[in-house]
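*Asks:*
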Amino acid sequence: MKKYIALGVALFLVTGLAVFGVNEKTDASIENKNLPLPTSPQPNLELEEGKKTGTYKQMTTDEYLNRYNKLKTELAGKGIKVLPFTLEVEKKTNFYRFYYPKKQKYTKEEAKWVSVMLKSDGKTIDGLMFQGTPDFPTIKAMIEATGIVWSTQLDQLLTGGGTAKSSEEMKVDGVKISIKRESSGITVMVDPVRLDPPKKL
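Each residue of the sequence shown is one higher than the one before, counting from 117 in the working numbering.
(1) By alpha-carbon positions, which one of Gln220, Thr177, Val198 and Gly290 ends up nearest to Glu204?
(2) Is the segment 204-216 in contact with the segment 283-296, if contact means three or more CB pairs nearer than 8 Å?
(3) Which residues in the same chain as Trp229 place their Cβ atom closer than 6 Å to its Cβ, once the five residues preceding and following it in sequence are excluded?
(4) Counting C-beta neighbours from all protein chains within 10 Å, is the total for Lys218 16 or more, i.e. buried, or is it exposed?
(5) Tell me the DSSP secondary structure of Gln220 in three-state form.
(6) Quick check for students: name the residue ranges of the alpha helix (DSSP H) that lie wholly in the segment 231-299, counting only runs of 4 or more.
(7) Output yes or no for whether 8 Å exceeds the beta carbon distance between Ile293 and Leu273.
(8) Apply the 10 Å Cβ neighbour rule to Ala192 and answer buried if 16 or more other Cβ atoms are within range, or exposed otherwise.
(9) Grouping DSSP H, G and I as helix and E and B as strand, with all else coil, what is Glu206?
(10) Mapping the DSSP letters down to three states, classify Lys228 as helix, strand or coil.
(11) What does the Cβ neighbour count give for Lys221, buried or exposed, with the cut at 16 atoms within 10 Å?
(12) Decide if Thr268 is buried, meaning its Cβ has at least 16 other Cβ atoms within 10 Å, or exposed.
(13) Put Gly195 into one of helix, strand or coil per three-state DSSP.
Here it is as structure tokens:
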């Protein structure tokens, strides 16, 4: 009789454990169903926008000079000379320059200035300007160092393409390039494209 009782208790325990195990698995499966599904990483919209418009909008003077000097080295290997750029403050005007004549007296050929406008942080470029005697290799390198890929349209804009206008401009990859031709020389502005002010109704 005791054997039957012991056997009954054992069966009861086994059945109870089995039921508990099923419930535990069921609870676990319910919990798993409530877990959030894994999501794929979302693209960084700022980075994507940066790829579309280039990096000139947020480019520091150090980054720009690194790019320009690489181009300068490549061009030197092809026998093409461009002006050396370094960030300085011209004492005479108190302007930031990448290049300016160091002599008090200089020839017309040496009359070239490359100015740089900076944002409030004192590091990020807000605009570039070449003024003086035309130096197309330097102007081209100055523009390319912003990250713009050169094109035949830019060649025509720079050289005039036989139908040079006194003033022209072009927008490329988030950069506005403006050219003004005068008898005394050429002025080339390279600025990040800014939003136009709202028009009046």
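Ideal placement from N, C-alpha and C gives every residue a C-beta, glycine not left out.
*Replies:* With the given structure in hand:
(1) Residue 204 sits at position 88 when you count from the first residue of the sequence shown. Nearest C-alpha to Glu204: Thr177.
(2) no
(3) Residue mapping note: residue 229 aligns to position 113 of the sequence shown, counting from 1. Excluding sequence positions up to five before and after Trp229, its CB lies within less than 6 Å of the CB of Tyr216, Gln247 and Gly248, all in the same chain and listed in chain order.
(4) Within the sequence shown, the letter at position 102 stands for residue 218. Under this definition Lys218 is an exposed residue.
(5) Position 104 of the sequence shown, counted from the start, is the residue given in the question as residue 220. DSSP places Gln220 in coil when its eight states are reduced to three.
(6) 252-260 and 268-275
(7) On the sequence shown, residue 293 is found 177 positions in, with the first residue counted as 1. On the sequence shown, residue 273 is found 157 positions in, with the first residue counted as 1. Yes, the pair counts as a contact, with Cβ atoms nearer than the cut-off.
(8) Counted from its first residue, the sequence shown places residue 192 at position 76. So Ala192 ends up on the exposed side.
(9) Taking the sequence shown and counting its residues from 1, one reaches residue 206 at position 90. Here Glu206 carries a strand assignment [DSSP, helix/strand/coil].
(10) Locating residue 228 in the sequence shown gives position 112, where the first residue counts as 1. Strand at Lys228.
(11) The residue you call residue 221 lines up with position 105 of the sequence shown. It is exposed - the Cβ of Lys221 has fewer than 16 other Cβ atoms within 10 Å.
(12) What you label residue 268 is simply residue 152 of the sequence shown in a count that begins at 1. Thr268 should be labelled exposed.
(13) Residue 195 sits at position 79 when you count from the first residue of the sequence shown. Looking at Gly195 - three-state DSSP - the assignment turns out to be coil, as it is neither helix nor strand.
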